[in-house]
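Just so you know, the protein sequences line up as chains A and B, in that order. Heads up, the final residue of the first sequence is numbered 342 in our numbering, and it's a clean run with no missing numbers. Heads up, the final residue of the second sequence is numbered 338 in our numbering, and it's a clean run with no missing numbers. Note that CB positions come from ideal geometry on N, CA and C, so glycine has one too. Being a predicted model, the structure only gives us computed values, none of them experimental.
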Amino acid sequence: MILQSNDLVKSFGGVTAINHLSLTVEKGTVFGIIGPNGSGKTTFFNLVNGVYTPDSGRVTFDGKNITGLRPHRIAELGIGRTFQIPAPFTKMTLLENVMVSTFIRASSLKESRKMAWEILELVRLDDKGNTQVANVTLEDRKRLELARALGTKPSLLLLDEVMAGLTPAEVKGAIELIRSLRTRELTIIVVEHIMDVILSLCDRIAVLDYGQKIAEDIPDQIVNNKEVIRAYLGERYSARN
Amino acid sequence: MELQASKAQAVPVPSVWRFTPLGLLLVICLILPWLASPLWIRIATEVLMWAGLAQSWNIIGGYTGYLCFGHGAFFGLGSYVTGLMMVNLGWPFGIGLLFSGILASLLAVIIGYPTLRLRGAYFAIATWAFGEMVRQIATILDVTGGAFGLQLPSFLNLRYFYYVMLAVTGLTYLTTHFLLERARFGYKLLAIREHEEAAEMVGVDTVSIKMKAFALSAFFPGVLGGIYAYWVTYIHPDSVLGAQLTDFMVVMAFLGGIGSLWGPFLGAVVVQLLQRILWLFWGEGTFYLVIIGVAICAVVLFIPNGLIGLMESRFLSPREAVSQLKKTFKW
Chain A
102 MILQSNDLVK SFGGVTAINH LSLTVEKGTV FGIIGPNGSG KTTFFNLVNG
152 VYTPDSGRVT FDGKNITGLR PHRIAELGIG RTFQIPAPFT KMTLLENVMV
202 STFIRASSLK ESRKMAWEIL ELVRLDDKGN TQVANVTLED RKRLELARAL
252 GTKPSLLLLD EVMAGLTPAE VKGAIELIRS LRTRELTIIV VEHIMDVILS
302 LCDRIAVLDY GQKIAEDIPD QIVNNKEVIR AYLGERYSAR N
Chain B
8 MELQASKAQA VPVPSVWRFT PLGLLLVICL ILPWLASPLW IRIATEVLMW
58 AGLAQSWNII GGYTGYLCFG HGAFFGLGSY VTGLMMVNLG WPFGIGLLFS
108 GILASLLAVI IGYPTLRLRG AYFAIATWAF GEMVRQIATI LDVTGGAFGL
158 QLPSFLNLRY FYYVMLAVTG LTYLTTHFLL ERARFGYKLL AIREHEEAAE
208 MVGVDTVSIK MKAFALSAFF PGVLGGIYAY WVTYIHPDSV LGAQLTDFMV
258 VMAFLGGIGS LWGPFLGAVV VQLLQRILWL FWGEGTFYLV IIGVAICAVV
308 LFIPNGLIGL MESRFLSPRE AVSQLKKTFK W
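As structure tokens, this is what we get:
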């Protein structure tokens, strides 16, 4: 078990975004989180990587209690994360973007430049390394988001809708890319709306609704779960299967 | 491996020729006091001081993206600290300068702790209020001489002050080059400017890095203020703590090009020389403000990278320009 959340609660004003959520993610797996808009998926990520502090409950990562730590500390401990809407350092080159994230793992500027090139090669952006972010496409920005998260050499990677807005062909490429990242050392949590992506990537899937976990199972079982069909998938989707 | 090799070449290789303009500038700076008349030595000293101040502002305003409108306070603090140490304690000039710089940095940390949480216009307003506060304090205190100001021992050696100013401003540029252009620290600052949350998320300790940047950007104005005080021998709250001081740092940095090493230098040379030439030949002391106002509007709107950016980039349309500005300062 690499990540565990115990009875997490987070509310904003009168809205409870995360309501007594407990999740356990095993090391080396790809874990999917799905749910309707506003069900708390991104909030969960924000609680895990320290953007928000939970009202109550705790987050344990690799045996350590990381509740309430600041995001940069959590990045150092080994949790990498992408933004739903790409948030690149616009007036910098792709290489520089990734370099910044390698600083916590590299001992010199030279070393981090080398590491950044390797990661750009991995996500197939190495031909654009010296291009400014302003001059690349959305797909490249999504890949850059991933590259920047990988730059911190995470053991847990949180992917927040990395496929949203991509064309079907681009989605295919992205799935291949994420598959290629899978190793015994890297655990991945995927938040995604595209069901085909979730089903083809994940070992386990949790379904959130109004900040609560309404189901957690292997992909084949999730698509037939009555509660999940009601809250998220809809009758049409279940009929198709 | 072949890929790696070709990429290594993409990084510009330092050649002897690259340093020719810099060497030339340095030689001119070094021999200038032996060629120019006392008046022009004074003007050159002023230009150097402003070049240093504009660069200091550039560290927090240009590289980090936090528009500080209270930077004059660090200059004023430096002036008073050096002045008071020399007058009341009889300490040597050099020690006074060092203390001025350190105290200015310390003040930046104290002020930065609450204000660096603010963004965009809110940070600008908070720091402006801080600048005003320091000016008011200097005006009402007895030890500073209040509104009457402070008289320092006079040491009339124009070349001496020219070279001291050159050394400290040179240090400002060297520090910026090595710490901001050639080190991780600089990349982290840019990352904070471009997207602070994302920077934090990839492991940049944004709170501590911003504080360091603010402290660094306050150190040099502190020292330069100390030199200024001894140079002009008489200071009062309006001359070393006036809002105009900050305004000019900002204007020069913007005009020359924020977030670049040579932009503030260029801006300081252009603005200060323009001001002095207008004053010398037309005896005009305020009209240059109009010219500079128009110039700064034009620069901000059409060439956001400043004069230094003119050499490499194209002009922006007004709409592009506004959106660029909004993005840079999170308004």
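Collapsed DSSP secondary structure at residue i in the structure displayed
i	result
Thr194 of chain A	strand
Ile48 of chain B	helix
His121 of chain A	strand
Gly83 of chain B	helix
Gln282 of chain B	helix
Phe100 of chain B	helix
Thr203 of chain A	helix
Gln322 of chain A	helix
Ala15 of chain B	With a pLDDT of 43 at Ala15 of chain B, under the threshold of 50, the modelled position of this residue cannot be trusted, and the question is left open.
Met8 of chain B	For Met8 of chain B, the predicted structure reports a pLDDT of 36, less than 50, and the residue's modelled location is therefore unreliable. The matter cannot be settled from this model.
Lys111 of chain A	strand
Ala43 of chain B	coil
Val160 of chain A	strand
Asn147 of chain A	helix
Tyr241 of chain B	strand
Arg142 of chain B	helix
Glu222 of chain A	helix
CB contact flag (residue i, residue j, <8 angstroms)
i	j	result
Glu293 of chain A	Ile135 of chain A	yes
Leu109 of chain A	Ile119 of chain A	yes
Ser351 of chain A	Thr253 of chain A	The requested residue 351 of chain A is not part of the displayed model; chain A covers only 102 to 342.
Arg142 of chain B	Leu248 of chain B	yes
Tyr70 of chain B	Met200 of chain A	no
Ala328 of chain B	Leu308 of chain B	yes
Ala275 of chain A	Leu282 of chain A	no
Ala260 of chain B	Asn65 of chain B	yes
Leu309 of chain A	Gly133 of chain A	no
Ile319 of chain A	Val131 of chain A	no
Thr134 of chain B	Gln62 of chain B	no
Asn198 of chain A	Val234 of chain A	yes
Pro187 of chain A	Leu245 of chain A	yes
Phe146 of chain A	Arg182 of chain A	yes
Rounded C-alpha distance that separates residue i from residue j
i	j	result
Ile109 of chain B	Phe226 of chain B	6 angstroms
Ser112 of chain A	Ala316 of chain A	21 angstroms
Gly238 of chain B	Phe288 of chain B	Reading the sequence as shown, one finds Trp at residue 238 of chain B and not Gly. One C-alpha to the other measures close to 25 angstroms.
Ala15 of chain B	Val88 of chain B	For Ala15 of chain B, the pLDDT reaches just 43, beneath the cut-off of 50, and the residue's location in the model is therefore unreliable, although a value from the coordinates is still provided. When rounded, the distance between both Cα atoms is 49 angstroms.
Ala128 of chain B	Arg305 of chain A	46 angstroms
Arg283 of chain B	Phe255 of chain B	14 angstroms
Leu287 of chain A	Glu204 of chain B	24 angstroms
Gly164 of chain B	Val258 of chain B	Just to set this straight, residue 164 of chain B is Asn in the shown sequence, not Gly. Each residue's Cα considered, the two are about 30 angstroms apart.
Gly68 of chain B	Val116 of chain B	16 angstroms
Arg214 of chain A	Gly151 of chain A	27 angstroms
Ala80 of chain B	Asp212 of chain B	27 angstroms
Ala136 of chain B	Gly77 of chain B	7 angstroms
Ala145 of chain B	Gly233 of chain B	15 angstroms
Pro255 of chain A	Gly101 of chain B	49 angstroms
Ala220 of chain B	Val329 of chain A	50 angstroms
Phe339 of chain B	Cys304 of chain B	The requested residue 339 of chain B does not occur in the structure, where chain B is confined to residues 8 to 338.
Leu10 of chain B	Ala302 of chain B	The predicted position of Leu10 of chain B is uncertain, since its pLDDT is 41 and thus under 50; a value taken from the coordinates is nonetheless stated next. Cα to Cα, Leu10 of chain B sits roughly 46 angstroms from Ala302 of chain B.
Pro99 of chain B	Leu173 of chain B	19 angstroms
Tyr73 of chain B	Arg166 of chain B	36 angstroms
Ala250 of chain B	Gly138 of chain B	8 angstroms
Leu251 of chain A	Cys75 of chain B	34 angstroms
Val224 of chain A	Leu257 of chain A	17 angstroms
Under 7 angstroms by beta carbon: chain B residues contacting residue i
i	result
Ser202 of chain A	Val209 and Gly210
Gly252 of chain A	Val209
Ala176 of chain A	Met208, Val209 and Gly210
Ile205 of chain A	Gly210
Beta-carbon neighbours of residue i, restricted to chain B and to distances below 9 angstroms
i	result
Leu170 of chain A	Those within 9 angstroms of Leu170 of chain A in chain B number zero; the least Cβ separation is about 12 angstroms.
Leu210 of chain A	Arg189, Ala190, Arg191 and Tyr194
Glu197 of chain A	Tyr194, Leu197 and Ala198
Asn150 of chain A	Met208
Supposed contact pair residue j and residue i - C-beta distance, whole angstroms, cut 8 angstroms
i	j	result
Thr52 of chain B	Phe168 of chain B	6 angstroms
Val197 of chain B	Phe190 of chain A	First, the residue type needs correcting, since residue 197 of chain B is Leu and not Val in the sequence shown. That pair is a contact at about 7 angstroms.
Ala217 of chain A	Val209 of chain B	With 8 angstroms as the limit, Ala217 of chain A and Val209 of chain B do not qualify as a contact, their Cβ atoms being about 11 angstroms apart.
Trp201 of chain B	Met193 of chain A	In the sequence as displayed, the identity of residue 201 of chain B is Glu instead of Trp. Yes, they are in contact, since the Cβ atoms of Glu201 of chain B and Met193 of chain A sit about 6 angstroms apart, within 8 angstroms.
Closer than 8 angstroms at the beta carbon, the chain A residues around residue i
i	result
His202 of chain B	Ala188, Pro189, Phe190 and Thr191
Thr213 of chain B	His173
Ala205 of chain B	Phe184, Ala188, Pro189, Phe190 and Arg249
Chain-ordered chain A contacts of residue i [CB-CB under 7 angstroms]
i	result
Ala328 of chain B	Near Ala328 of chain B there are no residues of chain A at all, since even the closest Cβ is about 14 angstroms away, more than 7 angstroms.
Any residues in the stretch 151 to 182 of chain B with a beta carbon nearer than 9 angstroms to a beta carbon of chain C? Which ones, in chain order?
The structure shown has no chain C; the protein chains it does contain are A and B.
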